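Only one structure is covered here, and it is reproduced in the block below.
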Amino acid sequence: MKDKRVLYVSSEVIPYLPETEISSMSFEAPRMINNNGGQIRIFMPRYGNINERRHQLHEVIRLSGMNLVINDLDMPLIIKVASIPKERIQVYFIDNEDYFKRKATYADEDGNFYKDNDERAIFFAKGVIETVKKLNWAPDIIHVHGWLASFLPLYLRNYYGNEPLFENSKIVTSVYNQGFEGTLAKNTIDKVRFDAIDDEAITKLEDPSYVNLMKIAIENSDAVIVASEEIPKELEDFINTINKPVLKYHNMENFSQAYLDFYSSKILK
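Position 90 of the sequence shown, counted from 1, bears residue number 90 in UniProt numbering, the numbering being contiguous throughout.
And the structure:
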């Protein structure tokens, strides 16, 4: 993996959010690539419950300032950055006052799922891609973790399909047993349709459940990693039908060599 560029796009990363399978792997995998001579970038949302002062986040003025159109509304994009202590790792944060200022991640204090989580996910996907374009950093691999990041493969393959910076990038989606109950907003498909993405690519969004979001991410990826010991049966069955490289589950203690081999022999071959 020496000098290979890996872009990690995750809905959660430790130490900025509590420890989960997603947040832990979104830290350990980049660290492993870093230690093996690869180049990495990590992107996550700047949720309002992230303590900016404690983690020393600061805005990157040269990257901020553009507007992203979400469902016909101009939404300002703010980019912040921080360094993970004791690691040579920087994390970029996608921020917007309307979408990410609230003091929680996916649901309010009563456990009510935010009604605009679909727009937040679309904003996050577009924000990452536009920022990487500004950095002019062409990744060899783009590795997606968590459902809030799951629109990225769809948008990269369809909305940004002719973007030369990503023409050789391979997309890997990790599938976790960490989703959500119910569905995103019923009109999620219309918000994606607004970006002139073909109906054929988004029919599953007529029922925007966690399983269907992940199916669309998988369809637009080059490879899949099963990242939880157990995942929803419907996703397991779906993964068994695809003609793409799939890495079976490896726990945190023994994932390193398996991921390195998968990256180098199955994705970058």
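For each residue, glycine too, the CB sits at the ideal point set by N, CA and C. What you are looking at is a predicted structure, and each value in this text was computed from that prediction instead of being measured.
Boundaries for histidine 250: no beta strand (DSSP E) harbours it, and the DSSP string shows neither H nor E there. Fewer than three Cβ pairs drawn from the stretch 25-35 and the stretch 53-68 lie within less than 8 Å of each other, which leaves the two stretches out of contact. By the C-beta density criterion, glutamate 12 is buried, having at least 16 other C-beta atoms within 10 angstroms. The C-beta of proline 139 has 16 or more other C-beta atoms within 10 Å across all chains shown, which makes the residue buried.
DSSP places serine 10 in the uninterrupted beta strand (DSSP E) bounded by 5-10.
Assigned with DSSP and collapsed to three states, methionine 25 falls in helix.
Nearest in C-alpha terms to isoleucine 61, of all of Ile94, Asn71, Ile40, is Ile94. Comparing C-alpha distances from tryptophan 137 to each of Ile225, Asp72, Gln39 shows the shortest one belongs to Gln39. Just so you know, the alpha carbons of histidine 250 and glutamate 229 end up roughly 8 Å apart. With respect to the 8 Å criterion, isoleucine 33 and methionine 1 are classified as neighbours on the basis of their beta carbons. Annotation: the continuous alpha helix (DSSP H) that includes arginine 193 extends over 188-193. In the three-state scheme derived from DSSP, where H, G and I count as helix and E and B as strand, lysine 204 is classed as helix.
Exclusion of the five residues before and after lysine 204 leaves Asn212, Lys215, Ile216 as the residues of its chain whose Cβ lies within less than 6 Å of its Cβ. With three or more CB-CB distances shorter than 8 Å, the stretch 220-227 counts as touching the stretch 174-185. Counting along the chain, aspartate 222 sits inside no alpha helix (DSSP H), nor does DSSP assign it H or E at all. If you ignore the 5 residues before and after threonine 105, its C-beta comes within less than 6 Å of the C-beta of Tyr47, all in its own chain and listed in chain order. Judged by DSSP secondary structure, lysine 266 falls outside any alpha helix (DSSP H); it is assigned neither H nor E. The residues Met1, Lys2, Asp3, in chain order, have a CB closer than 7 Å to that of glycine 37 in the same chain once the five nearest residues on each side in sequence are set aside. Shown here, valine 144 sits in a strand according to DSSP, grouped into three states.
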